[in-house]
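Single-structure report; data block below.
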Ligand SMILES: Cc1cc2nc3c(=O)[nH]c(=O)nc-3n(C[C@H](O)[C@H](O)[C@H](O)COP(=O)(O)OP(=O)(O)OC[C@H]3O[C@@H](n4cnc5c(N)ncnc54)[C@H](O)[C@@H]3O)c2cc1C
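In our numbering, the protein residues as written are 2 to 371.
Below, the structure is given as structure tokens:
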């Protein structure tokens, strides 16, 4: 029985790894030409009950602890006028409840744990029919079970549902300050070791220290789907884009606009889209989905955790029913639908707080209920 996984993201790799430790081979088809072809993004916080549970099932929890950043759990929450609303510093002996990890380190951990032939780079899925996968380069491969782990814009998803991601009314722009301790030590002290959030009405700024000394900055705006085209931000001219972005933060404390001014020329616009919460489909022998392909959520800390756990639990279900993939897929989907429905609701709630008027005070109440 041949298992084909489309997408070498966190979810697809977790599935391949759990299958491997259970003695089952799988082929992973990834459209990127090599592991280093594209930047993998910033930090992720892995939760003990979900993302870390997946790494435990994958036999990788000790290696994860070696690359996890406990101090990355630090949080500073501020208002646009500079008022500090909340500061949480992580004690050195704090439990690793939600440590941060650099996304490239986590992906490399998973990739290095697989036999070399597992991932087929440069194979972009185009369509599937009659047990054959077809790739955009004209090549093909057989499968008995096809797992779509191909992320937010999944092509495999169309085999199971007509649902498509919809815009949330939020757009973000990612910027970054390289080697901040050396280039801007004052801003480094201000941001601290973990997460730094400034929440305003209809827009926010968050900064996050990465393990390599880069601080990634995310500017978020409650704006329409076509805003990147209509905003007047010249994305092809990073210096001019920074000037325009600083204008958009007029009235905010000058320390926050100093963060934008200190950024390098990386400017990445990103529309925030989600799938409907609670999306399901009739179980179909021979094909299933995991991760963002199945349940794209707002980026508030659950997506990667769910993708990893999906991969691990599907791997365990297939290992428990090696001669009956339809039963394994049904069991996996039943649990996955219920679990990610809850996570999707929680994420939508946090996203609603982040994008609501008076977001700072509401987030403070969220962290300090009662
Ligand atoms: C700015 C930002 C911050 C985030 N922060 C967090 C966080 O702190 N915590 C958290 O839990 N989640 C976070 N998330 C969400 C998290 O990144 C995703 O939920 C997670 O990466 C989903 O994993 P995945 O394996 O499903 O998909 P992906 O990681 O997107 O992997 C999909 C893979 O499939 C490949 N692929 C796509 N199409 C094809 C094709 N046709 N053929 C072959 N391969 C294909 C892609 O190249 C990619 O390698 C964040 C998201 C964003 C945008």
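Idealized CB from N, CA, C, for every residue including glycine.
Give the straight-line distance between the Cα atoms of residue 277 and residue 83, rounded to the nearest whole angstrom. Position 276 of the chain shown, counted from the start, is the residue given in the question as residue 277. Position 82 of the chain shown, counted from the start, is the residue given in the question as residue 83. If I take the Cα positions, the gap works out to 36 Å.
Answer yes or no: the CB of residue 293 versus the heavy atoms of ligand 3, is any distance below 7 Å? For the structure depicted, ligand 3 is absent and the ligand set comprises only ligand 1.
Could you spell out where the beta strand (DSSP E) holding residue 101 opens and where it closes? By one-based count along the chain shown, residue 101 stands at place 100. First-last of the beta strand (DSSP E) with residue 101: 101-103.
Going by DSSP, name the residue or residues bridged to residue 59. On the chain shown, position 58 is the one that residue 59 refers to. Its beta-bridge partners do not exist; DSSP assigns none.
Residue 179 to residue 286 span [Cα, whole Å]: Within the chain shown, residue 179 is the residue found at index 178, counting from 1. Within the chain shown, residue 286 is the residue found at index 285, counting from 1. Approximately 48 Å, taken between the alpha carbons.
Starting from the Cα of residue 146, find the closest Cα among 360, 368, 16 and give me that residue. Here the question's residue 146 lines up with position 145 in the chain shown. The candidate whose alpha carbon is nearest that of residue 146 is 16.
Residues sharing a beta bridge with residue 136, DSSP: Residue mapping note: residue 136 aligns to position 135 of the chain shown, counting from 1. The partner list for residue 136 (beta bridge, DSSP) reads 126.
Note down, in chain order, each residue of its chain lying with its Cβ closer than 8 Å to the Cβ of residue 20, except the 5 sequence neighbours on either side. Position 19 of the chain shown, counting from 1, holds the residue named residue 20. If we look at residue 20 and ignore the five residues flanking it on each side, its Cβ neighbours are 4, 26, 27, 316, 319, 320.
Between which two residues does the beta strand (DSSP E) holding residue 2 run? Counting from 1 along the chain shown, the entry for residue 2 is found at position 1. That residue, residue 2, is in no beta strand (DSSP E); it is neither H nor E in DSSP.
By Cβ distance below 6 Å, which residues in the same chain neighbour residue 309 in space, the five residues on each side in sequence not counted? Reading the chain shown from its first residue, position 308 is the one you call residue 309. Around residue 309: 11, 15, 52, 55.
Classification of residue 307 by the beta-carbon crowding that lies within 10 angstroms, buried from 16 upward: Counting from 1 along the chain shown, the entry for residue 307 is found at position 306. So residue 307 ends up on the buried side.
What is the DSSP secondary structure of residue 222, counted as helix, strand or coil? In the chain shown, residue 222 corresponds to position 221, counting from 1. Residue 222 falls in the strand class under three-state DSSP.
Integer-rounded CB distance, given that residue 177 should sit under 8 Å from residue 267: Counting from one through the chain shown, the residue named residue 267 turns up at place 266. Counting from one through the chain shown, the residue named residue 177 turns up at place 176. Rounded, the Cβ-Cβ distance is 5 Å, consistent with contact.
State the beta-bridge partners of residue 203 as determined by DSSP. As a first step, residue 203 is located in the chain shown; it is residue number 202 there, counting from the start. Answer by DSSP bridge pairing: none, since residue 203 is not bridged.
Looking at the structure shown, is residue 32 part of a helix, part of a strand, or coil, going by DSSP? As a first step, residue 32 is located in the chain shown; it is residue number 31 there, counting from the start. Residue 32 falls in the coil class under three-state DSSP.
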